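With our numbering applied, the sequence shown covers 55 to 259.
All residues carry an ideal CB built from backbone N, CA and C; glycine is no exception.
These figures come from a predicted structure and were not determined experimentally.
See below for the structure under consideration.
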Amino acid sequence: EAIRAMRGGGEKDRLAAQAVEYFKSLREAALFLGVPGRLTVSSLDTYTTAGLNWLAGQYNNYSLGGYTTWGGIARASSAIFKYGTSKTRYAFTSDEIIYKITELPEVSTKVRRVEGDERLGFNIQEVWGPFGSLRLVRHPLLDESGLDTRMIIVDIKDLRRRVFSAQEVRSGIQDNGAFREEWSLAVNEGLEHVYPLAAGIIHDM
Numbered sequence: 055e056a057i058r059a060m061r062g063g064g065e066k067d068r069l070a071a072q073a074v075e076y077f078k079s080l081r082e083a084a085l086f087l088g089v090p091g092r093l094t095v096s097s098l099d100t101y102t103t104a105g106l107n108w109l110a111g112q113y114n115n116y117s118l119g120g121y122t123t124w125g126g127i128a129r130a131s132s133a134i135f136k137y138g139t140s141k142t143r144y145a146f147t148s149d150e151i152i153y154k155i156t157e158l159p160e161v162s163t164k165v166r167r168v169e170g171d172e173r174l175g176f177n178i179q180e181v182w183g184p185f186g187s188l189r190l191v192r193h194p195l196l197d198e199s200g201l202d203t204r205m206i207i208v209d210i211k212d213l214r215r216r217v218f219s220a221q222e223v224r225s226g227i228q229d230n231g232a233f234r235e236e237w238s239l240a241v242n243e244g245l246e247h248v249y250p251l252a253a254g255i256i257h258d259m
């Protein structure tokens, strides 16, 4: 059903469906990501994130060689930002990477807290550079060992706020249920609307 819903006449719809179909099963998607067997997030989250990871990494892959430096992040981001028109991109990553980035001397004075971002529904941090700005979003799956040194940068055109049937997600709510709902929305919307050339992965941070 998810694949059928993504299909459409546009090139981005085709690419999104192709990214999901690339993985014949949840197990293969998890193996591709290198996720341990004891997943703490839902199967759908894993499956969709594998597709997003695959789609974002088609054109732009950058390794920082095990060092989280602002120069390395800026160079990789500038290369990714050459494509697309948006000067703000969403960067899905781990808690550890967000901490490392916001503590860098060159960045600490450039961090802005986005209170209750109207499209994502929870508080995130935004950093500026010569390329534009990155909105750092904690991604629960990327907190898993082996995935916690990467950042998936995407140019999401159409993240929409939604009211879920089970609960209304309000700005600023940080409990696990609300966060999970909004994070799942962000990843699923990202897979559907991401522009592959304007996306990329920075790893070994």
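| Query | Result |
| --- | --- |
| Which of helix, strand or coil DSSP assigns to L195 | helix |
| Between the CA atoms of G186 and G138 - distance to the nearest angstrom | 12 Å |
| Range of the contiguous alpha helix (DSSP H) that encloses A252 | Unbroken run through A252: none, as it is neither H nor E. |
| Spatial distance of L268 from Y144 (CA atoms) | Any property of residue 268 remains undetermined from this structure, which presents the chain solely from 55 to 259. |
| C-beta contact flag for R192 and I255 at 7 Å | no |
| Beta-bridge pairing of M205 - partner residues as DSSP gives them | I256 |
| Pick from A110, L158, I134 that is closest to Y121, judged by C-alpha positions | L158 |
| First through last residue of the beta strand (DSSP E) which encompasses E183 | A small fix is needed here, since residue 183 is Gly in this sequence, not Glu. Run containing G183: 178 to 183, per the beta strand (DSSP E) assignment. |
| Of the residues E150, W124, T142, Y249, the one placed nearest S199, counting alpha carbons only | E150 |
| Contacts around Q112, its chain only, beta-carbon distance under 6 Å, and the 5 residues preceding and following it disregarded | P250 |
| Beta carbon of E160 nearer than 7 Å to that of W124 | yes |
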